[in-house]
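A.B. asks: FYI, in this note's numbering the residues of the sequence shown are 2 to 252. Positions of the beta carbon are idealized from the N, C-alpha and C atoms, including for glycine. The structure presented is a predicted model; accordingly, all values stated were derived computationally and were not measured.
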Amino acid sequence: KDSADAMKWGDLKKMSAEMVLLCVICMVIYIPVIPFISIAENLFEVKYSLDASQAGRYISLYQVVGALASPIAGALIDFTGFNAQWIIGVSGMIGGLHLLLIATDLAPAFLIVMFGIAYGIMVSCVWPSVPLAVAPQLTGVGYGVMTSLENLGMAVFPEISGVLLDKYTPKKKDPNEKTALPTLEGYNLVLMIFVIVSIVSMVLGVILAIIDRKRTKVLTSSAKTRVVPFAIQPNAEKDKAAKAATEFKEK
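1) Helix, strand or coil: which one does DSSP assign to residue 149?
2) Per DSSP, what are the beta-bridge partners of residue 82 in this structure?
3) Apart from the five residues just before and just after residue 210, which ones in its own chain have a Cβ nearer than 6 Å to its Cβ?
4) For residue 160, count neighbouring Cβ atoms within 10 angstroms of its own Cβ and tell me buried if that reaches 16, exposed if not.
5) When the Cα atoms are used, what is the spatial distance from residue 21 to residue 218?
6) Which whole-angstrom value describes the C-beta separation of residue 29 and residue 154, a residue pair presumed to lie in contact below a C-beta threshold of 8 Å?
7) Taking all protein chains shown into account, decide if residue 2 is buried (16 or more other Cβ within 10 angstroms of its Cβ) or exposed.
8) Could you tell me whether the segment 190-208 touches the segment 71-82, using the rule of 3 or more Cβ pairs below 8 Å?
9) With distances taken Cα to Cα, identify the nearest neighbour of residue 109 among 158, 44 and 140.
10) CA-CA distance, residue 16 and residue 169?
11) Per DSSP, what kind of secondary structure is residue 218 in: helix, strand or coil?
12) Output the distance between the C-alpha atoms of residue 102 and residue 223, rounded to the nearest integer angstrom.
13) With a CB to CB cut of under 7 Å and the five nearest residues on each side skipped, what residues in its chain are close to residue 144?
14) Considering residue 47, what are the terminal residues of the alpha helix (DSSP H) in which it resides?
15) Looking at C-alpha atoms only, which residue of 171, 90, 67 and 225 is the closest neighbour of residue 205?
16) Could you give the distance in angstroms between the alpha-carbon of residue 156 and the alpha-carbon of residue 106?
17) Could you give the distance in angstroms between the alpha-carbon of residue 174 and the alpha-carbon of residue 41?
18) Is it buried or exposed, residue 121, if we count other Cβ atoms within 10 angstroms and call 16 or more buried?
19) Among 200, 25 and 133, which residue has its Cα nearest to the Cα of residue 151?
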């Protein structure tokens, strides 16, 4: 006997516009963070004249801050709601940090801590939005599509940044010479692309908010006032039968 709540292939046509946008946002918003961390160690060596050991410690700091920030950010977002607004805000925060890295000489410790905090906010507002934007029987599909697109972005963009940085890497004059790192100009070009991607994420977040305000308002409302459209409602017939059974036993 099939459950009424089980997924059917026809349900895929009911995937909400909000869920589709969340999947695209997830792919886009990860690009200025994870691929950035993969080049940040060498970037810090070039920009701040650090050795590999020193630069590596800053990357470790990002991991620690991200781990600490994620549950705190998650609790804050659970308490406040407004998931779409958080997505817009953290996209702007990530883009702003890349601009600071391009235009200033702020301490790398400060910037990497802020990136860790941004990462904690990002994962805490994007992924928990899935159950709010999709019917319960499609939650697994929603997470699966979102993860696939995220991995697609993680696979493609490092290749693009690698090609760009190779063009700004000085050629070795001696085969025995140590391979040089890309120039700061090359890194700044990649960082500017991260800024543009962050702006795209912000724009997608605004579109998400506009669509949500016209429909369910679940992603743009506070946690106290939101009404989840796909919340599982109690089965009236089962409740009635249970009540009747209880009354029978009491007699």
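C.D. replies: Taking the coordinates as given:
1) helix
2) 223
3) 85 and 221
4) exposed
5) 16 Å
6) 7 Å
7) With a pLDDT of only 41 at residue 2, under 50, the local geometry of the prediction cannot be trusted, and the value read off the model is given with reservation. It counts as exposed.
8) no
9) 44
10) 44 Å
11) coil
12) 33 Å
13) 131
14) 35-49
15) 90
16) 30 Å
17) 26 Å
18) buried
19) 25
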